[in-house]
Amino acid sequence: MHPEAELPGLAALEAFAVDLARVAGEEIQESLGREIEVSYKDLTGPLAPTDAVTDVDHHIEEVLAARIREAFPGHGILGEEGTRHFPEGFEYSWMIDPIDGTQNFVNGLPFYSSSVGLLWHGRPVAGAIWGASTHRLGAGVYHARSGEPLYFNSIPLDVARPARGRVRGLGAMPHDEDQHLHPGATEPRGRYRLPWDRRHVGSGALEAAFVAAGIFESAFNSGPRVWDIAAGALLVQSAGRHIWTTEDDEWLPLVDFGETADDLIGWRQPVLMATDAAYARITS
1 MHPEAELPGL AALEAFAVDL ARVAGEEIQE SLGREIEVSY KDLTGPLAPT DAVTDVDHHI
61 EEVLAARIRE AFPGHGILGE EGTRHFPEGF EYSWMIDPID GTQNFVNGLP FYSSSVGLLW
121 HGRPVAGAIW GASTHRLGAG VYHARSGEPL YFNSIPLDVA RPARGRVRGL GAMPHDEDQH
181 LHPGATEPRG RYRLPWDRRH VGSGALEAAF VAAGIFESAF NSGPRVWDIA AGALLVQSAG
241 RHIWTTEDDE WLPLVDFGET ADDLIGWRQP VLMATDAAYA RITS
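Taking our numbering, the leading residue of the sequence shown gets 1, the next gets one more, and so forth.
Laid out in structure tokens, this is it:
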């Protein structure tokens, strides 16, 4: 049992995270019937314009941050769209990605999500990810807290459910795997050796939820920010999967994101999420 599982009120904090994720999902669904304002954060890169952001992203982050401040004034808040709120001596901090997969959202591709993660001294302790598309063929919330199993819409999710006879699985893995997965390798290892097909949905948080739910064998993200992965990390761990990051060309378990505001704001590292079997194949 992780010591974080003994934190007082953790079930209520998880429920609050779920409520926030559902509010975000409701705001997203309401916006589908109206015109939205779209801008781009990257206007100078080689593929510019990229990294879409909408008025819906900003509105959702404002709504969620306001609710957190009201309910937990001593908690920190970090949001993708600019929220930076770190009271002196904070122990808990909320990581908000109002819409992860905004480019999908603006183009009507229903693979996007809203991610709400809670950290305690930088360690994931609760998380909720609302997904526009889920294993139930509709929107819903994957959620968990430390020491408890993965849930979907408040019902425990059987992550070991039968694979319905499939032979090859799925993984959100890079095509240039030698560069990303084996940074210290001196010889190529071959891109076709992994026993699953590659699928990228365009939302790192949703891919993490899919690893947790047993849809994906694995997922790799080359440089997520903490708001991208905080909730997903907890979901993956609660489902009995694992999450790693690199240090000195070695994959090590991801334990925390740092404790200070500067640590959280500046965190950006490669992340690999997988089952034990998938991890062994990837790193062999």
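Note that CB positions come from ideal geometry on N, CA and C, so glycine has one too.
Quick check on DSSP: helix, strand or coil for residue 97?
strand
Does the contact criterion of 3 or more C-beta pairs under 8 Å hold for the segment 122 to 136 versus the segment 68 to 87?
no
Delimiting residues of the beta strand (DSSP E) encompassing residue 142:
140 to 145
Is residue 172 closer than 7 Å to residue 102 when the C-beta atoms are compared?
no
Nearest to residue 67 by alpha carbon, out of 96, 54, 47?
96
Minimum length 3: unbroken beta strand (DSSP E) runs contained in the segment 197 to 251
218 to 221, 242 to 247
Using C-beta distances below 8 Å, list every residue in its chain close to residue 29, excluding the 5 sequence neighbours before and after it, in chain order.
139
Measuring alpha carbon to alpha carbon, tell me which residue in 244, 262, 279, 19 is nearest residue 90.
262
CB-CB length for residue 202 against residue 224, believed under 8 Å:
About 13 Å separates the two Cβ atoms, so there is no contact after all.
With distances taken between CB atoms, is the gap from residue 126 to residue 7 smaller than 7 Å?
no
Using alpha carbons as the reference points, say which of 276, 281, 170, 245 lies closest to residue 267.
245
Below 8 Å, can you find three or more Cβ-Cβ pairs linking the segment 226 to 237 to the segment 114 to 125?
yes
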